[in-house]
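A quick write-up on the structure given underneath.
2 protein chains.
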Amino acid sequence: MQPEQAFGEVLRELRLQRGLSQEQLALEAGLQRNYVSLLERGHNSASIKTLFKLSTVLGVSVSAMIRSVEQKTAASSRRSQGI
Amino acid sequence: MQPEQAFGEVLRELRLQRGLSQEQLALEAGLQRNYVSLLERGHNSASIKTLFKLSTVLGVSVSAMIRSVEQKTAASSRRSQGI
DNA sequence: ATGTAGACTCATGTCGACA
DNA sequence: ATGTCGACATGAGTCTACA
Chain P
12 MQPEQAFGEV
22 LRELRLQRGL
32 SQEQLALEAG
42 LQRNYVSLLE
52 RGHNSASIKT
62 LFKLSTVLGV
72 SVSAMIRSVE
82 QKTAASSRRS
92 QGI
Chain L
12 MQPEQAFGEV
22 LRELRLQRGL
32 SQEQLALEAG
42 LQRNYVSLLE
52 RGHNSASIKT
62 LFKLSTVLGV
72 SVSAMIRSVE
82 QKTAASSRRS
92 QGI
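Chains as they are written, first to last, in my numbering: chain P, 12 to 94; chain L, 12 to 94.
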């Protein structure tokens, strides 16, 4: 799995866990609503600045978000290699 | 301290610890040499894709790099507040 | 509430060259 | 080996609108 796809999944999971809509998340993070949509579907790869904005609203550290992303990509990598 | 400045410091520290030149790091990461220079001096804020490229060459996880960045920014924040 | 589209601005990132 | 410059291409992110 590509990192931007994994990041999108992590972002959506965290957002739903907090009961936020894309609109609410975007508003509080100072981003566009449709841009959050792009990120969640892995169509755009966020910059480090955007990561910090989103993580603040989601109440989680950027490193924790990235750790989840790494776990997803690593798991997918193992799966593709049949391990 | 701004996150991009903190990231630049972390990047330079990791690179020097491994005895790499900016040229070698850039070549192995598939980036431009002068762009690594910009990142280390905090003039540009890397995207998540670039983070993954660099961390692979440096042999460290992205989340570990970001954790160092967070520690630097948090330490500087405490310092500016006199805590 | 979400996905998609176009048009747009500006930052990211490339490339070649020079101190 | 690094910093800097200019020109350039691409991608991030905005804004408005429609399904």
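Yeah, the Cβ is synthetic: ideal placement off N, Cα and C, and Gly gets one too.
According to DSSP, is P/Ser58 helix, strand or coil? Here residue 58 of chain P refers to the residue found at position 47 when the first sequence is read from its first residue. Three-state result, P/Ser58: strand.
Closer than 7 angstroms, Cβ to Cβ, to anything on chain P: give me those residues from the stretch 70-90 of chain L, in chain order. Ser72, Val73, Ser74, Ile77, Arg78, Glu81
Which residues in chain L have a C-beta closer than 8 angstroms to the C-beta of P/Leu65? List them in chain order. For the purposes of this step, residue 65 of chain P is identified with residue 54 of the first sequence, where counting begins at 1. Simply none; closest approach about 11 angstroms.
Residues of the stretch 44-62 of chain P with Cβ closer than 8 angstroms to any Cβ of chain L, in chain order: Ser56, Ala57, Ser58, Ile59, Lys60, Leu62
If you compare alpha carbons, which of P/Asn55, P/Ala85, P/Ala86, P/Gln28 is closest to P/Val68? Residue mapping note: residue 68 of chain P aligns to position 57 of the first sequence, counting from 1. The shortest C-alpha separation from P/Val68 is found at P/Gln28.
Using a beta-carbon distance cut-off of less than 9 angstroms, what residues from the stretch 12-30 of chain L approach chain P? Pro14, Glu15, Phe18
So, with DSSP's three-state summary, where would you put P/Gly19? As a first step, residue 19 of chain P is located in the first sequence; it is residue number 8 there, counting from the start. Correct three-state label for P/Gly19: helix.
Buried versus exposed, by CB contacts within 10 Å (16 or more), P/Gln13: Within the first sequence, residue 13 of chain P is the residue found at index 2, counting from 1. Looking at its Cβ environment, which holds fewer than 16 other Cβ atoms inside 10 Å, P/Gln13 is exposed.
Report, in whole angstroms, the separation of the C-beta atoms of L/Gly70 and L/Gly19, which I expect to be a contact under 8 angstroms. Against the second sequence, residue 70 of chain L aligns to sequence position 59. Against the second sequence, residue 19 of chain L aligns to sequence position 8. Between L/Gly19 and L/Gly70 the Cβ distance is about 19 angstroms, and since that is not below 8 angstroms, they are no contact.
Could you have a look at P/Leu65 and say whether DSSP puts it in helix, strand or coil? Taking the first residue of the first sequence as 1, we reach residue 65 of chain P at position 54. Correct three-state label for P/Leu65: helix.
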